[in-house]
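K.L.:
Chains as they are written, first to last, in my numbering: chain A, 85 to 242; chain B, 85 to 242. From the three backbone atoms N, C-alpha and C, an ideal C-beta is built for every residue, glycine too. Only a predicted model underlies this, so the values are computations on that prediction, with no experimental measurement involved.
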DNA sequence: TATTGTTATACTCTATAACTATA
DNA sequence: TATAGTTATAGAGTATAACAATA
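1. With a threshold of 7 Å on Cβ separation, who are the neighbours of residue 139/B within its own chain once the five nearest residues in sequence on each side are excluded?
2. What residues of chain A sit near residue 119/B, judged by a beta carbon separation below 8 Å?
3. Out of 214/B, 240/B, 137/B, 122/B, point me to the one whose CA is closest to residue 179/B's CA.
4. Helix, strand or coil: which one does DSSP assign to residue 191/B?
5. How would you call residue 167/B, buried or exposed, if buried means at least 16 neighbouring beta carbons within 10 angstroms?
6. For a contact meaning CB atoms closer than 8 Å, what does residue 112/B contact in chain A?
7. Unbroken alpha helix (DSSP H) runs of length 4 or more, entirely within the segment 152 to 203 of chain B: which are they?
8. In chain A, what lies closer than 8 Å to residue 221/B by C-beta?
9. Could you tell me whether the Cβ atoms of residue 135/B and residue 217/A are closer together than 8 Å?
10. Could you spell out where the alpha helix (DSSP H) holding residue 124/B opens and where it closes?
11. Report the neighbours of residue 172/A on chain B: residues whose CB is nearer than 7 Å to its CB, in chain order.
12. Kindly indicate which residue of 107/A, 206/A, 177/A has the alpha-carbon position closest to the one of residue 130/A.
13. Cβ atoms of residue 111/A and residue 105/A: under 8 Å apart, would you say?
14. Taking Cβ positions only, does residue 105/A come closer than 8 Å to chain B?
15. Is residue 147/B buried or exposed, if buried means 16 or more other CB atoms sit within 10 Å of its CB?
16. Distance, Cα to Cα, residue 89/B vs residue 182/A?
17. Can you name the residues of chain B whose CB is closer than 8 Å to the CB of residue 207/A?
18. Count the other CB atoms within 10 Å of the CB of residue 122/B; is the residue buried (16 or more) or exposed (fewer)?
19. Would residue 199/B be called buried (16 or more neighbouring beta carbons within 10 Å of its own) or exposed?
20. Whose Cβ in chain A lies nearer than 8 Å to the Cβ of residue 214/B?
21. Under the rule that 16 or more other beta-carbon atoms within 10 Å means buried, what is residue 127/B, buried or exposed?
22. If you check the beta carbons only, do residue 203/B and residue 161/B fall under 8 Å apart?
23. Run through chain B and tell me which residues come within less than 8 Å of residue 140/A, C-beta to C-beta.
24. Quick check: what's the CA-CA separation for residue 234/A versus residue 196/B?
25. Which two residues bound the contiguous alpha helix (DSSP H) that contains residue 225/B?
26. Are the beta-carbon atoms belonging to residue 115/A and residue 151/A less than 8 Å from one another?
27. Does the beta-carbon distance from residue 277/B to residue 230/A come in below 8 Å?
28. Only counting the same chain, and skipping five residues up and downstream in sequence, which positions put a Cβ closer than 8 Å to that of residue 143/A?
29. Would you mind working out which of 102/A, 222/A, 107/A, 132/A sits nearest residue 175/A, comparing C-alpha positions?
30. Out of curiosity, what's the CA-to-CA distance linking residue 209/A and residue 141/A?
31. Below 8 Å on C-beta distance, what does residue 225/A contact in chain B?
32. As a quick exercise: from 125/B, 215/B, 185/B, 177/B, pick the residue whose alpha carbon is nearest that of residue 201/B.
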């Protein structure tokens with residue numbers, strides 16, 4: 085049973101420690117996304133937004149009136165964990181929890197004017213961020229990357 | 085200042101709550117990767133491996149003799165957090181911390197025979213997982229996705 | 001003095017259960 | 001009974017500081 089002794093020279097000509105791992109698309113995508121996320125977080129920090137609060141605000145602006153459960157589903161977070169995100173946005177007067185007359189358990193999430201303005205500004209900065217970070221790819225490559233990723237999201241079954 | 089009242093019908097014809105967000109490659113990639121990761125985690129659970137311990141083991145097998153600091157850099161984790169990962173793999177006798185004669189502060193990370201075997205088996209399963217999860221894409225699309233992601237990793241500067 | 005591995009710790013994220021008020 | 005929002009909590013994951021051994 086292998087209690088190997090350090091073998092100083094064998095295999096050391098291989099300079100890439102990721103060799104096998106980078107054969108996997110999932111690994112390459114993970115590393116690529118971590119580069120994107122670093123710049124994305126920097127971009128959103130100007131607005132004191134995290135990725136998830138940016139997404140939440142954007143969705144509330146794009147589709148006002150959703151309940152917290154619906155928004156949690158759209159964001160793929162537990163509805164218990166959405167509470168703090170909504171608290172954060174509502175505390176900054178970017179959205180409000182409006183009562184729903186027909187069902188008093190529910191809150192209709194509505195953007196305020198300030199929320200719409202911040203969402204628009206942040207979205208413009210995120211668009212700049214994407215142009216910056218993906219600037220090393222050609223327009224064709226960016227479009228192809230989006231197309232393939234969208235197809236994957238739509239078609240993947242596992 | 086906008087204390088908007090729920091506007092029951094306006095905008096409700098829009099059925100996709102992600103509308104603006106899915107214009108961003110980063111958003112699409114995040115969602116795509118979360119699909120991949122779910123199946124990846126399922127695959128590795130057969131071997132009682134997490135993503136990070138699979139990566140660590142794979143790198144130790146591919147390039148034996150690295151120190152913990154070098155491996156931490158390769159994995160992009162803090163070296164303090166690598167300790168537990170190495171403890172886990174060493175506790176299962178998959179790798180060993182071999183002493184380095186020239187510098188007694190360092191450990192040379194070496195795979196055991198069992199570690200090499202588990203890495204090979206897990207890597208085969210991960211290859212199956214990739215074929216399964218990306219089966220909805222054509223071979224050309226998968227190759228193109230890999231090519232673009234690799235170019236991005238190599239070229240991205242931000 | 002600086003570096004390697006380590007410990008301790010704190011902060012964020014995520015997941016689950018249980019509560020309340022409403023239906 | 002069931003559902004929407006909430007609270008509490010536990011488990012990961014991640015980041016920082018400080019320590020002992022060694023260079």
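P.N.:
On the basis of the supplied data:
1. 159
2. 236, 237, 240, 242
3. 137/B
4. strand
5. exposed
6. 230, 233, 234, 237
7. 152 to 159, 163 to 175
8. 232, 235, 236, 239
9. no
10. 109 to 129
11. Per Cβ cutoff of 7 Å: no residues; residue 172/A is ~18 Å from chain B at best.
12. 206/A
13. yes
14. yes
15. buried
16. Confidence at residue 89/B is low in this model, with a pLDDT of 37, below 50, so the placement of that residue should be treated as unreliable; the coordinate-derived value is given next. Rounded to the nearest angstrom, the two C-alpha atoms are 7 Å apart.
17. 104
18. exposed
19. buried
20. 108, 109, 110
21. buried
22. no
23. The contacting residues do not exist; residue 140/A stays about 10 Å from chain B at best.
24. 42 Å
25. 223 to 239
26. no
27. Because chain B here runs from 85 to 242, residue 277/B falls outside it and cannot be looked at.
28. 150, 155, 158, 159
29. 132/A
30. 15 Å
31. 232, 235
32. 177/B
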